[in-house]
Amino acid sequence: MSEQFWFNTKTGQVDVGHLKPGATLMGPYASREEAEQALQTAREKTEAWDRAEED
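Next up, the structure:
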């Protein structure tokens, strides 16, 4: 199994390893870079969904 990366919304840091998902974790992500961009990715997806609902 490859290494997993999680963005911790409480600490603002990337956690590495097999973690139990919780309210403060976003992921898992395949790379540290993806995890570091978790908040931006979520924001972009939310904005796209909002635009789609307006149509």
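Those letters in the sequence shown? Residues 1306 to 1360, per the working numbering, in order. Backbone N, C-alpha and C define an ideal beta-carbon position, used for all residues, glycine too.
Cβ-based neighbour list, residue i, same chain, cut-off 8 Å, excluding 5 preceding and 5 following
i: residue 1341; result: 1312 and 1319
i: residue 1310; result: 1319, 1320, 1321, 1332, 1333, 1334, 1335, 1336, 1337, 1339 and 1340
As assigned by DSSP and simplified to three states, the class of residue i
i: residue 1330; result: strand
i: residue 1320; result: strand
Anticipated Cβ contact below 8 Å, residue i with residue j, distance rounded
i: residue 1350; j: residue 1329; result: Rounded, the Cβ-Cβ distance is 19 Å, inconsistent with contact.
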